[in-house]
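Scroll down for the structure; my scribbles are underneath it.
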Amino acid sequence: MYVPFENLPEESRIWIYQSNRKFSDAEFSEIETALQTFLEGWAAHGTNLESSYQLKYNRFIIISVNQDVQAATGCSIDSSVEFIQSLEQKYSVDLLDKMNVTFKLGEHIAHKPLIDFKKMVKDKAVTENTIVFNNLVNNIEEYNESWEVPAIDSWHSRFF
């Protein structure tokens, strides 16, 4: 059951999928429609999941579930991953590879394989103050506080 994102409690579980390329506005509009349809029918053991999404920067798909109403289970999580995989196929993008880093270069959002990001650190093309997207956040509270942070304040700090 879809609910507005701002209506979910801060402890709601969250999953962030980053695209290896920017989606067009038309693609993002299609994805939004598909997400709403998916979330309306998303259930765990026959019980609808109170869930929502956000789309950010034409690059990120954020899905959240209020675990206090009904917890996402293995099968329901599998169905969400299958949904994301269907988006990957339809739009020829990579949304599940966690070995990539997305960060800000001025107003531009850059996406690089981890090995290239490490090289950029070595070459001082990015610094500890570079804003990175910490997609390892677990809930809405962490998302609000720790998703867009200086590299030094995230797991990326190990490269400096």
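Number 745 marks the last residue of the sequence shown (my numbering); no jumps.
Glycine included, each C-beta is placed from N, C-alpha and C at the ideal position.
It should be emphasised that the depicted structure is a prediction, and the values quoted were computed from it without experimental measurement.
- Query: Do Leu593 and Ser649 come within 8 Å of each other at the CB atom, strictly closer than that value?
  - Reply: Residue 649 sits at position 64 when you count from the first residue of the sequence shown. Residue 593 sits at position 8 when you count from the first residue of the sequence shown. Against a cut-off of 8 Å, the Cβ pair of Leu593 and Ser649 comes out as a contact.
- Phe623 - containing alpha helix (DSSP H), residue span: As a working note, residue 623 is residue 38 in the sequence shown. Looking at the DSSP string, the run of the alpha helix (DSSP H) that includes Phe623 is 610 to 626.
- Return the first residue and the last residue of the alpha helix (DSSP H) that Ser671 is part of. As a working mapping, residue 671 is identified with position 86 in the sequence shown. Segment 659 to 676, the alpha helix (DSSP H) holding Ser671.
- Thinking C-alpha only, which one of Ala736, Asp738, Val722, Ser739 is nearest Ile599? Position 14 of the sequence shown, counted from the start, is the residue given in the question as residue 599. Nearest C-alpha to Ile599: Val722.
- Item | Segment contact flag, the region 618 to 637 with the region 704 to 714, C-beta cutoff 8 Å, min 3 pairs | no
- Nearest to Tyr602 by CA position, among Ser609, Tyr587, Tyr638, Phe623, is which residue? Walking along the sequence shown from the start, residue 602 turns up at place 17. Ranking Ser609, Tyr587, Tyr638, Phe623 by Cα distance to Tyr602 puts Tyr638 first.
- Buried/exposed call for Phe729, threshold 16 Cβ in 10 Å: As a first step, residue 729 must be located in the sequence shown, where it is residue number 144. One point to set straight first is that residue 729 is Asn, not Phe, in the sequence displayed. Label assigned to Asn729: exposed.
- Query: Where does Tyr728 sit, in a helix, a strand or coil, going by DSSP?
  - Reply: Here residue 728 is taken as the residue at index 143 of the sequence shown, counted from 1. Helix at Tyr728.
- Item | Reduced DSSP secondary structure (H/G/I, E/B, other) of Lys703 | By one-based count along the sequence shown, residue 703 stands at place 118. In this structure, Lys703 counts as helix in the three-state DSSP scheme.
- How many Å lie between Ala656 and Gly691 at the Cα? Counting from 1 along the sequence shown, the entry for residue 656 is found at position 71. Counting from 1 along the sequence shown, the entry for residue 691 is found at position 106. One C-alpha to the other measures close to 39 Å.
- Looking at the structure shown, is Arg606 part of a helix, part of a strand, or coil, going by DSSP? Here residue 606 refers to the residue found at position 21 when the sequence shown is read from its first residue. Residue state, collapsed to three classes: coil.
- Message: Using only CA atoms, which one of Cys660, Glu667, Glu726, Phe702 lies nearest to Phe744?
- Response: Numbered from 1 along the sequence shown, position 159 holds the residue referred to as residue 744. Selected option, being the one with the closest Cα: Phe702.
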